[in-house]
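Quick note: the sequence shown uses our numbering, first residue 646, plus one each step.
Positions of the beta carbon are idealized from the N, C-alpha and C atoms, including for glycine.
This one's a predicted model, so the numbers in the text were calculated from it and none came from an experiment.
Have a look at the structure below before the remarks.
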Amino acid sequence: MVNVDTAVRQFVADVWNGNQEETAYDLIASDCPGLGESGPRGVLAWHGERRAAFPDLRYKIIDLLVDGERAAIHWRAAGTQTGQFGPVPATGEVVSYSGATFLRFDGDGKISDVWSVNELFQVLQQLGVEFIPPGSAEESADSPTN
């Protein structure tokens, strides 16, 4: 059986930080959900979109908990936005944010599920995106009167 702690650390070091795509094929099961498709290619596609916007993005493991075939990672990430991020064009701004990723391993010791939550609202604020709640005074002032 694979050592889950070691596999998670290798996933973060090689796939997230090292841009070593070949490691994803060693660690990720073919049926693991990803972006638009399953398996290593789908997981790499999601990561590729993030890496295109933040080429120097680095993740640091703050805490790692392993229970059998499951792992939870509390991480911190930082990088410079030099490419399009969703609707936000490149700003050159450095962002720093936290998140958590939950992994499940299958009987072969490969990652069969990846689920992440992170502070994207904070990222957008650091990139200078202004959020105006619907019905706010700013919205009313900009709306034409009938």
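(message) If the criterion is Cβ atoms closer than 8 Å, does the pair T736 and Q729 meet it?
(response) Taking the first residue of the sequence shown as 1, we reach residue 736 at position 91. Taking the first residue of the sequence shown as 1, we reach residue 729 at position 84. Not closer than 8 Å, so no.
(message) Looking at the strands, I want to know which residues DSSP matches up with P678.
(response) Translated into the one-based positions of the sequence shown, residue 678 becomes position 33. Answer is S683, bridged to P678.
(request) Reducing DSSP to helix, strand and coil, say where L594 ends up. (result) Any answer about residue 594 is impossible in this case: the structure gives the chain only from 646 up to 791.
(message) By the three-class DSSP mapping on this structure, what secondary structure does N791 have?
(response) On the sequence shown, position 146 is the one that residue 791 refers to. Residue placement at N791 is poorly supported in this model, since its pLDDT is 49, which falls under 50; the coordinates are not used for a value here.
(message) When you compare the CB positions of V706 and A745, do they come within less than 8 Å of one another, or not?
(response) Indexing the sequence shown from 1 puts residue 706 at position 61. Indexing the sequence shown from 1 puts residue 745 at position 100. According to the sequence as given, residue 706 is Ile; it is not Val. No, these two residues do not count as a Cβ contact at 8 Å.
(message) Excluding the 5 residues flanking V740 on each side, which residues of the same chain have their C-beta closer than 6 Å to its C-beta?
(response) Position 95 of the sequence shown, counting from 1, holds the residue named residue 740. The answer, listed in chain order, is V768 and Q771.
(message) L748 and A716 - do their beta-carbons sit closer together than 8 Å?
(response) Locating residue 716 in the sequence shown gives position 71, counting from the first residue. Locating residue 748 in the sequence shown gives position 103, counting from the first residue. Yes; because the gap between Cβ atoms is below 8 Å, this pair is in contact.
(request) Quick one: grab the DSSP three-state call for E693. (result) Residue 693 sits at position 48 when you count from the first residue of the sequence shown. Strictly speaking, residue 693 in this sequence is Gly, with Glu absent from that position. Correct three-state label for G693: helix.
(request) Let me know the alpha helix (DSSP H) ranges lying completely inside the stretch 697–756, each 4 residues or longer, listed in chain order. (result) none
(message) Given this structure, state the Cα-to-Cα distance separating E764 from Y742, to the nearest angstrom.
(response) Counting from 1 along the sequence shown, the entry for residue 764 is found at position 119. Counting from 1 along the sequence shown, the entry for residue 742 is found at position 97. Straight-line Cα distance between these residues: approximately 6 Å.
(request) Identify, in the order they occur along the chain, each residue of the same chain with its Cβ nearer than 8 Å to the Cβ of E694, setting aside the five sequence neighbours on each side. (result) On the sequence shown, residue 694 is found 49 positions in, with the first residue counted as 1. Cβ neighbours of E694 beyond the five flanking positions: L680.
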